Structures are given as C-alpha cells and as structure tokens.
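Comments concern the structure below.
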Amino acid sequence: MTRPLRVLSLYEGFFAGGARILHSDVVAGLVADGGQEHRVLSLTSAARRDASLQFARDDTRYRRLRRAGVRIDAFDRIAGDRPVAPEEFSSAELDRAAAIVAEVDVVLSLKEQPLSLIVALERAGLLPSLPVAACLHRSDPTHSGAALGWLRDAGASGAVSATIACASSTSDAYERAGVMTDRAWVIDNGIDTRRFRPGTRAERRRIREGLGIPETAPVVLLAARFDAMKDPGLFLAAVARHARRAPGTHYVMCGSGMSTGNPRFTALMADSGVGDDVALHALGLREDMPQLYRAADIVALTSAFGEASPLCLVEGAASGAIPVTTDVGDAARIVQGFGVVTPRDDTGIADAWDHALAHRPTLRSAALTARARLDRRRMIDDYRGAVSSLLLPRALAA
Numbered sequence: 001m002t003r004p005l006r007v008l009s010l011y012e013g014f015f016a017g018g019a020r021i022l023h024s025d026v027v028a029g030l031v032a033d034g035g036q037e038h039r040v041l042s043l044t045s046a047a048r049r050d051a052s053l054q055f056a057r058d059d060t061r062y063r064r065l066r067r068a069g070v071r072i073d074a075f076d077r078i079a080g081d082r083p084v085a086p087e088e089f090s091s092a093e094l095d096r097a098a099a100i101v102a103e104v105d106v107v108l109s110l111k112e113q114p115l116s117l118i119v120a121l122e123r124a125g126l127l128p129s130l131p132v133a134a135c136l137h138r139s140d141p142t143h144s145g146a147a148l149g150w151l152r153d154a155g156a157s158g159a160v161s162a163t164i165a166c167a168s169s170t171s172d173a174y175e176r177a178g179v180m181t182d183r184a185w186v187i188d189n190g191i192d193t194r195r196f197r198p199g200t201r202a203e204r205r206r207i208r209e210g211l212g213i214p215e216t217a218p219v220v221l222l223a224a225r226f227d228a229m230k231d232p233g234l235f236l237a238a239v240a241r242h243a244r245r246a247p248g249t250h251y252v253m254c255g256s257g258m259s260t261g262n263p264r265f266t267a268l269m270a271d272s273g274v275g276d277d278v279a280l281h282a283l284g285l286r287e288d289m290p291q292l293y294r295a296a297d298i299v300a301l302t303s304a305f306g307e308a309s310p311l312c313l314v315e316g317a318a319s320g321a322i323p324v325t326t327d328v329g330d331a332a333r334i335v336q337g338f339g340v341v342t343p344r345d346d347t348g349i350a351d352a353w354d355h356a357l358a359h360r361p362t363l364r365s366a367a368l369t370a371r372a373r374l375d376r377r378r379m380i381d382d383y384r385g386a387v388s389s390l391l392l393p394r395a396l397a398a
C-alpha cells in the first residue's frame, strides 16, 4: 500500500478513564510517527458523570488528538449509565457512520461498548468488508452488560475480526466469555516516561505546599473514579485503620466523583470511620496527575474487579511512588519486583502501606529501574504492527 494506512477509532465518548487515556496516546503516537492516518468517531458529544455534564470538546484527550491533527466526528448524544444500543441509532446516524467507515482501511473499537454501531451497520447492510478490532481493557467482561453480547455476536459473524487486549488476564477472560475472533493480540500498556518521572526535592516540596502537605509526611494516593469497581469504600476503610497507627500520614484521593461535592462520596466517607482529624485530601477530577504522583510515596489501588493493566500503577512507579495493589487483572505481574500486592481487606491494605513505607528506598529504586520497560514506545510499536497485520489476509487474498 503506497498511501498511508487509514484507521478509524470508535469511542463511546470522551470522558475520564484509563482506557481513553491509553488509546488516545496510541493514536497520537501513531500519527506522529507517520505511515498511518487516524480519525475518531465518538458515539456521543457529551457525558453525564457524577451529576455534571462533561462536553467532549473540553476533554484533555479530545484536545490532544485535535492538536495532533486527528479528525474527530461525534454524534449529538449524551453518554450516560449505559452505552447506545444498536437499535437506538437513527437512520441519519447510520448513514453518516457508513460514509465514514467506507473511507478507512481498519476500524479499532475502544472497548466493546462502541461495537453497538458495528452491529447496527451490519444489520442494516451498511458495513463494508474491512478488518475491525476490539481493543479490550478490563478483566471481567461480565460487567460490560449488553456490550459483551455485541462483541460475541460480531465476532461470531466475522464483523469483528480481532481483539487487542492490554493484559493476558483480559484476553483469557474474554475467551472464557465466548468471544471468538480470527486473531488476538496482547499488548501491555505503556506510558510517556518523559511526562511521568520522579520529581526533584524542590518540585516535591512545591507540589506538597500547594496541597497543604508537609515535606516529610508520608503520602498515600488513590487515583481512580468514584465507582464500585475501584472500591473507594475499601480505600477509606483502610485509611481509617492506617491513620490510627500512623497519624502523620496524608491521604490523597483524585478522580471523577472523588470529592465532597459528590453526596455519595461524603456518605461513604462518613460510613468508613474516617474522622475529622485524618488528613484526607479529596481533590476530584485533576489534570495534573504527574505532579500528584511525584508528591506521593505510595500509589494505591483497591479495585474489586474489572481491572486489566491499571495505568495508575505504572504511572506512579515511573514517578517514584510505590504501587500497592489488590490482586486484580495483571496488576500483580505488572508490579512484580517493585510493588506490593495486598489482600482485599482494610487490615491487609494498611499493613501493606506500612511495609511499603518502611522499605521505600529499596522499592523506589526498583521502580525507577523498571522505567525502560514501562515506556510507551514499545506499546506504540506493537500497535503499529498489529494494525498493519490486520490488512495482511485481505492483501494475500487479493
């Protein structure tokens, strides 16, 4: 093929989330390298999250892709608690989508939710013959609801020809759930290690001063949205227990809904036993994650299910924070050698935080040594190869 490979990514919408961060990073990286032209179709133009309406045009991922020269089309819809079902697309939306898909060589679906559009196009006889790959980012597909059925059906019909999973646990889980495609890749997540790097002492002091945290205080950070999957209640219960034995510790929570402006968060905090004397910083959604990681001693993950290859663990580790995580998805494999895996109970988590703080110099050194294998260049190269390989069967057939 003499012209650039044309790739379309389908997004459910633009709102905060690790999978959107990662996929947008892949798209921007592939565009910057040349050889591929990328375009995005979002099924929604806004998202209702935590009692607020978030417009796609204001999202960091959206703005970054536009700066990279990626064309973004969006349907005039609002993303809510469930994805758009195949029967809910209008004729005008299907015609518009069909015209866009006809102009590309490969389609990538960011997670399984946008596959409702592929199913709808196939049912309407508007789906051209081209490779479609589902990019999968969770280790418990049963929590995908109806979207799992769309992926299963599209795989069986051949409309989806491949999967690209971010973790071995993800690939295995979807296979057990009955998802069958012609090809399957596992590509580990990678991050921009120029952006996620350890801070100097002066930087750490400045960041902590901005948060009202003393320079020498231990800091435990949870970077996650307010969702049952992330189990913020377990984190807060561990905070209540840990604060009693280490009262000088500061605890930072950031992510969509992680603020006192969310009534469900405040109710959970009251139930957890976290007293007014605990130094808890509930920051809500933030766009300065590299700085927050540099200020932290521990990056915590208390998720109950659904995680595959959590970005927060590698972002924190590359910034010098020690990952302490429950055993979900590929988390244990990811942090092996520089992190701590804990049981899913508040006592075990508090004990693990104590262990990480006591051994911080050794674990931090190991985490920083691992930065090379965490870098995004390897991930982008692997995606480039997978996307190019999707066209090989068609080229050979021709």
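Numbering-wise (the UniProt record's numbering), the sequence shown opens with residue 1 and increments by one. For every residue, glycine included, the Cβ atom is placed at its ideal position computed from N, Cα and C. Just so it is clear, the structure is predicted and the values come from calculations on it, not from any experiment.
Span of the alpha helix (DSSP H) around residue i
{"i": "Pro323", "result": "Where Pro323 is concerned, there is no enclosing alpha helix (DSSP H), although the beta strand (DSSP E) it sits in stretches over 322-326."}
{"i": "Val274", "result": "Careful: Val274 lies outside any alpha helix (DSSP H) and carries neither H nor E."}
{"i": "Leu126", "result": "Looking at the DSSP string, Leu126 is not in any alpha helix (DSSP H), and its letter there is neither H nor E."}
{"i": "Val387", "result": "376-389"}
{"i": "Arg364", "result": "360-369"}
{"i": "Ala246", "result": "No alpha helix (DSSP H) contains Ala246, which DSSP labels as neither H nor E."}
CB-CB length for residue i against residue j, believed under 8 Å
{"i": "Ala159", "j": "Ile191", "result": "The pair is not a contact, with the Cβ atoms about 32 Å apart (cut-off 8 Å)."}
{"i": "Gly145", "j": "Arg82", "result": "7 Å"}
{"i": "Val341", "j": "Thr325", "result": "6 Å"}
{"i": "Phe196", "j": "Ser319", "result": "5 Å"}
{"i": "Leu151", "j": "Thr142", "result": "Between Thr142 and Leu151 the Cβ distance is about 12 Å, and since that is not below 8 Å, they are no contact."}
{"i": "Val314", "j": "Ile334", "result": "6 Å"}
{"i": "Leu301", "j": "Ser256", "result": "At roughly 16 Å, the Cβ-Cβ gap does not stay under 8 Å, so Leu301 and Ser256 are not in contact."}
{"i": "residue 400", "j": "Glu307", "result": "Any question about residue 400 goes unanswered here, given that the chain covers just 1 to 398."}
{"i": "Leu126", "j": "Leu94", "result": "6 Å"}
{"i": "Val101", "j": "Leu121", "result": "7 Å"}
{"i": "Ala162", "j": "Ala133", "result": "4 Å"}
{"i": "Val7", "j": "Val104", "result": "6 Å"}
{"i": "Leu283", "j": "Ser303", "result": "With 8 Å as the limit, Leu283 and Ser303 do not qualify as a contact, their Cβ atoms being about 19 Å apart."}
Exposure of residue i, with buried meaning 16 or more beta-carbon neighbours within 10 Å
{"i": "His23", "result": "buried"}
{"i": "Pro128", "result": "exposed"}
{"i": "Ser309", "result": "buried"}
{"i": "Asp182", "result": "exposed"}
{"i": "Arg369", "result": "The sequence as given places Thr at residue 369; Arg does not occur at that position. So Thr369 ends up on the exposed side."}
{"i": "Thr249", "result": "buried"}
{"i": "Met180", "result": "exposed"}
{"i": "Pro232", "result": "buried"}
Residue i (DSSP reduced to helix, strand or coil)
{"i": "Cys312", "result": "helix"}
{"i": "Gly80", "result": "coil"}
{"i": "Ile349", "result": "helix"}
{"i": "Leu137", "result": "The residue asked about is misnamed: residue 137 is His in this sequence, not Leu. DSSP places His137 in coil when its eight states are reduced to three."}
{"i": "Arg286", "result": "coil"}
{"i": "Ile213", "result": "coil"}
{"i": "residue 416", "result": "Nothing about residue 416 can be read from this structure; the chain reaches only from 1 to 398."}
{"i": "Val41", "result": "Note on identity: in this sequence residue 41 is Leu, with Val being the wrong assignment. Leu41: strand per DSSP, three-state reduction."}
{"i": "Asp354", "result": "helix"}
{"i": "Leu108", "result": "strand"}
{"i": "Val278", "result": "coil"}
{"i": "Arg49", "result": "strand"}
{"i": "Val239", "result": "helix"}
{"i": "Thr163", "result": "strand"}
{"i": "Thr342", "result": "strand"}
Opening and closing residue of the beta strand (DSSP E) in which residue i lies
{"i": "Ile72", "result": "71-74"}
{"i": "Phe89", "result": "Careful: Phe89 lies outside any beta strand (DSSP E) and carries neither H nor E."}
{"i": "Phe55", "result": "52-55"}
{"i": "Ala300", "result": "298-301"}
Residue i at chain B interface by Cβ criterion, 8 Å
{"i": "Pro128", "result": "In the structure shown, chain B cannot be found, because there is only a single protein chain."}
Subject >> Three CB pairs or more closer than 8 Å across the stretch 229-242 and the stretch 340-347 >> reply: yes
Original post:
How about the stretch 220-232 and the stretch 287-305: do they share at least three Cβ pairs that are nearer than 8 Å?
Top reply: yes
Original post:
Below 8 Å, can you find three or more Cβ-Cβ pairs linking the stretch 9-25 to the stretch 37-49?
Top reply: yes
**OP:** Determine contact between the stretch 158-173 and the stretch 132-143, defined as no fewer than three beta-carbon pairs at a distance below 8 Å.
**Re:** yes
Subject >> Given 8 Å, three or more beta-carbon pairs between the stretch 29-39 and the stretch 58-75 >> reply: yes
Original post:
Is the stretch 202-209 in contact with the stretch 167-184, if contact means three or more CB pairs nearer than 8 Å?
Top reply: no
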